[in-house]
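> Under this note's numbering, the sequence shown is numbered contiguously, ending at residue 325. Ideal Cβ positions, reconstructed from N, Cα and C, are used throughout, including at glycine. Below you'll find the structure I mean.
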Amino acid sequence: MGRPSQPLVLRLSPQFKASAQQLSETDGGAYAGVLAATFHLAEHGRASIHPYVEWGMATSDFRDNSGEIRWPDPEDQSDYPDCAWRGLFVTNPNRDWFLLTLLGNKARYPAGSRAWYDVAVPKSDRIARAYNNVLNLPDFPQP
183 MGRPSQPLVL
193 RLSPQFKASA
203 QQLSETDGGA
213 YAGVLAATFH
223 LAEHGRASIH
233 PYVEWGMATS
243 DFRDNSGEIR
253 WPDPEDQSDY
263 PDCAWRGLFV
273 TNPNRDWFLL
283 TLLGNKARYP
293 AGSRAWYDVA
303 VPKSDRIARA
313 YNNVLNLPDF
323 PQP
């Protein structure tokens, strides 16, 4: 996969930045993994694929214009029982900008549970709307 044909704009919400900063100070390995997944999204944009990026958060108001970066690869999850980092994002239909809204460790919730998503996805949607009110992102998706 090559670089996208148009330049991407990758923005980080204050909430995402704060969580990433805290992770960098407490678990450098997990931080490096999340950073790699973030770079994958930035490099490949709309062509980003599983396992690093999952598209279409079914419970998000933004559905196909939302997704998550993932570390570790879910196939390697057993090697990292305490880590299941997810970074939620919203993008526009052209996918030429991405707003990373939240970063969290879903491993802190019961295995197989959707509890992390039940809390994080609505919060991510609210952050995306608030951030758009400040930045006026082009072609902001309408739910």
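Counting C-beta neighbours from all protein chains within 10 Å, is the total for S195 16 or more, i.e. buried, or is it exposed?
So S195 ends up on the buried side.
> Note down the Cα distance separating P304 from S242, rounded to an integer number of angstroms.
7 Å
> Any idea if G227 is buried or exposed, counting beta-carbon neighbours within 10 angstroms, 16 or more meaning buried?
buried
> Using only the alpha-carbon positions, how far apart do D278 and V301 sit?
27 Å
> Quick one: using the 10 Å Cβ neighbour count with 16 as the cut-off for buried, is G210 buried or exposed?
exposed
> Would you tell me roughly how many angstroms separate the C-alpha atoms of P275 and K199, rounded to the nearest one?
24 Å
> Report the rounded CA-to-CA distance for E257 versus L223, giving the unit in angstroms.
19 Å
> List the DSSP bridge partners of R252.
R268
> Report the partner residues of F280 according to the DSSP bridge assignment.
L192 and T273
> Should N247 go down as buried or exposed, given a rule of 16 or more other Cβ atoms within 10 Å for buried?
That one is buried.
> At a cut of 8 Å, does the stretch 265-272 reach the stretch 282-297 through at least three beta carbon pairs?
yes
> Determine the direct distance from the alpha carbon of W267 to that of H232, and round the result to whole angstroms.
14 Å
> Based on the DSSP output, what are the partners of N287 in its beta bridges?
W267
> Could you say which of R245, S260 and G286 lies nearest to P323 if we only look at CA atoms?
R245
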